[in-house]
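Engineer: Here it is, the structure in full.
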């Protein structure tokens, strides 16, 4: 089981509160986790990564285990703690405004 | 007596206001989609309970919302359960993919960028949603980077009308300061094949065959920022308006200049007349008097607020050139708001109502064609768009 924390606006859009939990077949990677999110919450398609290119939207970041994973390969394995559900995968809106 | 519904898109959500035909007391609901920019929201002329909204953010991109009960509840169409072969729902309603097919999309690959180089088309957001006049499930979307999309399944999926970008001048279009957006879509009620659109900063375009082929309609426009001031394309059209009873007559608020066409855009002439400044964004036409036109002059392209700190709507009852200031009920000192291009609308009651929203968060309304104004809501986030619906 993978735990994911969505940014507040996307929790509203997906009609969820708190963390969401996902089952991911095979190795847990950014790509497999995002595939599972979009399958379970189709209204989030296009809001975290581009529909076609699958590029992360520039103002979102991926954190886990106190590390910034945003620039990791989408096919790189996520930390074991994320894959086991001990730690959540965080999707965070970049800070902006003043 | 008919009821009136006003749809207000703002920088931080959408608001819906309703009143009876007296238009004195307004109920406000919202914010819908709180925290998101709502560039535009519009109801279907064929079914007033069918609404479409463009919800967008720099963080999470584009979302299209649809309501079938007049805005009480909303859904993201295309996101229903059990749509994919695997049984998972499919989120297609915010999927705007440019046509790059060999048959219809080539060579729609680049447009001119700020620095003069060619730049790939990149979808950013939906500026304007225009529901069909007859089918609640058909709706057009004007997007940035400029293109026109159509959905025929209630916004569940979208297809580009690529003949617009591909008619020939597309590679020469370039963005204005607000981006390269297709912000105006006008459907001709007398001719289902005729659609007008406008793009900043490319100009106005028309199709007469339902969106397959297009041509620029910018003859008569002059823009000082262009090396060829009366070029075929490149003009920063801010908005275009039409009275449905006279669809061949168009009024345009350009970056500078208020313009008029009497031949469906084939040629334009200036009708700025005695306006204090002919810069502005909004323009609209009285519901019953096709020669009565409204604009809100803004000081300049560098100073986006009313001249002299006075918020004044200007009305021409002569189809342009002769303008009168409408000030009753509007702030006449220390007012430095802007009124953006899609933030004015009219109702069709016998005494025509006129509505506009400001970047200061007020929506002003006049129930007597502009003679007197009052705020029907104030202190909202900056208003991006205002539309009006008549309800039975």
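Residue numbers (the working numbering), protein chains in the order written: chain A, 2 to 99; chain B, 420 to 811.
For every residue, glycine included, the Cβ atom is placed at its ideal position computed from N, Cα and C.
The structure displayed is predicted, hence computed values, not measured ones.
1. Can you tell me whether residue 757 of chain B is buried or exposed? The criterion is at least 16 other CB atoms within 10 Å of its CB, across all chains shown.
2. Give the interface partners of residue 495 of chain B over in chain A, defined as CB-CB distance under 7 Å, in chain order.
3. Applying the criterion that 16 or more other CB atoms from any shown protein chain within 10 Å of the CB defines a buried residue, is residue 673 of chain B buried or exposed?
4. Whole angstroms is fine: what's the gap from residue 734 of chain B's alpha carbon to residue 698 of chain B's?
5. With distance defined between alpha-carbon atoms, name the residue in B:551, B:546, B:635, B:630 nearest to residue 588 of chain B.
6. For the region 475-495 of chain B against the region 27-39 of chain A, are there 3 or more C-beta pairs whose distance is under 8 Å?
7. When you compare the CB of residue 598 of chain B with every CB in chain A, is at least one pair closer than 9 Å?
8. Could you spell out where the beta strand (DSSP E) holding residue 680 of chain B opens and where it closes?
9. If we cut at 9 Å on Cβ distances, does residue 52 of chain A have a partner in chain B?
10. Pull up the distance between the alpha-carbon of residue 740 of chain B and that of residue 518 of chain B, whole angstroms please.
11. Going by DSSP, name the residue or residues bridged to residue 459 of chain B.
12. Assuming residue 38 of chain A is part of the alpha helix (DSSP H), what are its boundary residues?
13. Identify the continuous alpha helix (DSSP H) that holds residue 83 of chain A and give its terminal residues.
14. Kindly give me the distance between the Cβ atoms of residue 476 of chain B and residue 483 of chain B, rounded to whole angstroms, as I take these residues to be in contact under 8 Å.
15. Can you check which of these residues, B:633, B:768, B:539, is closest to residue 439 of chain B by C-alpha distance?
16. For a cutoff of 9 Å on Cβ pairs, would you count residue 94 of chain A as touching chain B?
17. For residue 595 of chain B and residue 2 of chain A, what's the separation of their Cα atoms in angstroms?
18. By the DSSP assignment, the alpha helix (DSSP H) with residue 9 of chain A in it spans what residues?
19. Under a CB-based cut-off of 9 Å, is residue 10 of chain A close to chain B?
20. Along chain B, in chain order, which residues have C-beta atoms closer than 8 Å to that of residue 14 of chain A?
21. Using the rule of at least 16 other Cβ atoms within 10 Å of the residue's Cβ for burial, across every protein chain shown, is residue 514 of chain B buried or exposed?
22. Who pairs with residue 794 of chain B in a beta bridge, going by DSSP?
23. In three-state terms, what does DSSP make of residue 750 of chain B?
24. Around the C-beta of residue 644 of chain B, are 16 or more other C-beta atoms found within 10 angstroms, so that it is buried, or is it exposed?
25. Look at the alpha carbon of residue 448 of chain B and the alpha carbon of residue 434 of chain B, and state the distance between them as a whole number of angstroms.
Structural biologist: A quick look at the data gives this:
1. buried
2. For residue 495 of chain B, the residues of chain A that pass the 7 Å Cβ criterion are 44, in the order they occur in the chain.
3. With 16 or more other Cβ atoms within 10 Å, it is buried.
4. 15 Å
5. B:635
6. no
7. no
8. Segment 677-680, the beta strand (DSSP E) holding residue 680 of chain B.
9. yes
10. 42 Å
11. B:473
12. DSSP places residue 38 of chain A in the uninterrupted alpha helix (DSSP H) bounded by 31-41.
13. 81-84
14. Incorrect: roughly 13 Å between the Cβ atoms, too far for contact.
15. B:768
16. yes
17. 48 Å
18. 9-15
19. yes
20. 479, 482, 495
21. Answer is buried; the Cβ neighbour count reaches 16.
22. B:783
23. coil
24. In summary, residue 644 of chain B is exposed, with fewer than 16 beta-carbon neighbours lying within 10 Å of its beta-carbon over all protein chains present.
25. The straight-line gap from Cα to Cα measures roughly 6 Å.
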